[in-house]
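Using this note's numbering, the letters of the sequence shown correspond one by one to residues 232 to 402.
Glycine included, every Cβ here is placed at the ideal spot set by N, Cα and C.
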Amino acid sequence: MPLADGVVVRPASSSDIPAIIDLAVEAVRHSVSPLRGSRQEAVQEYRRADLQALPEVLTLPESGIFVAEDRQGRLVGHVIAMTGRSESLTGEPQGWIFDLSVTPEFWGTGVARRLMERAEDFVMAQGLRFLGLGVTSTNKRALAFYERLGYLEERKQMVKILSPRAPEEEP
Numbered sequence: 232m233p234l235a236d237g238v239v240v241r242p243a244s245s246s247d248i249p250a251i252i253d254l255a256v257e258a259v260r261h262s263v264s265p266l267r268g269s270r271q272e273a274v275q276e277y278r279r280a281d282l283q284a285l286p287e288v289l290t291l292p293e294s295g296i297f298v299a300e301d302r303q304g305r306l307v308g309h310v311i312a313m314t315g316r317s318e319s320l321t322g323e324p325q326g327w328i329f330d331l332s333v334t335p336e337f338w339g340t341g342v343a344r345r346l347m348e349r350a351e352d353f354v355m356a357q358g359l360r361f362l363g364l365g366v367t368s369t370n371k372r373a374l375a376f377y378e379r380l381g382y383l384e385e386r387k388q389m390v391k392i393l394s395p396r397a398p399e400e401e402p
């Protein structure tokens, strides 16, 4: 799959943070489970607040944040990878992908693949054997993408809806 013409993948800098946050906030709509019944605006507000620590995260040696930019210097994708994590059952050190986002106009151009390759190289350079990530079960496009890259299903997260009403509707 050819990389989109003129797209460059490079380590993120502090000046990229606002664009990374904006893209992650926009892209989260593709990752929210329909079981949650969450309002899109609330999800996006939560995502934006969750990423406010990104300037500090960028300075950590265990963070690998990479961006893809087009010929005009516009950020069209990013990946946020971290080391210093452990697998929850074995305690084995592993890397973790916290976010991969690509603007829809660049889907299918190889941008996401190149970002993941950079993240994988970063994690392997730390001497780690495993790189994990989470993906919503209804995000079929992302599931197929990760499977093509060689990612395997290791466990499933189960959820039970305990109340027919959303929490904000509770008396």
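Strand pairing of residue i, partner residues [DSSP]
i	result
Gly326	Leu362
Ile296	Ile311
Leu331	Val310
Endpoints, the beta strand (DSSP E) within which residue i is located
i	result
Met313	Leu306 to Ser317
Candidates the options, of which the one nearest residue i by Cα
i	options	result
Leu380	Ser368, Leu393 and Leu362	Leu362
Ala356	Met313, Lys371 and Val288	Met313
Gly315	Glu348, Ala375, Ser294 and Ser332	Ser294
Tyr377	Met389, Ile392 and Asp330	Asp330
Residue i (DSSP reduced to helix, strand or coil)
i	result
Pro395	coil
Val240	strand
Leu266	helix
Pro233	Caution applies to Pro233, whose pLDDT of 48 falls short of 50 and renders its modelled position unreliable; the model cannot decide the point.
Ser368	coil
Pro402	Confidence at Pro402 is low in this model, with a pLDDT of 49, below 50, so its placement is unreliable and the value that follows should be read with caution. Three-state DSSP puts Pro402 in coil, outside helix and strand.
Inter-residue CB distance, residue i and residue j (contact presumed, cutoff 8 Å)
i	j	result
Gly326	Leu359	5 Å
Limits of the alpha helix (DSSP H) - the one that residue i falls within
i	result
Val390	No alpha helix (DSSP H) contains Val390, which DSSP labels as neither H nor E.
Glu378	Lys371 to Arg379
Val354	Val342 to Ala356
Val256	Ile248 to Ala258
Ala280	Gln271 to Asp281
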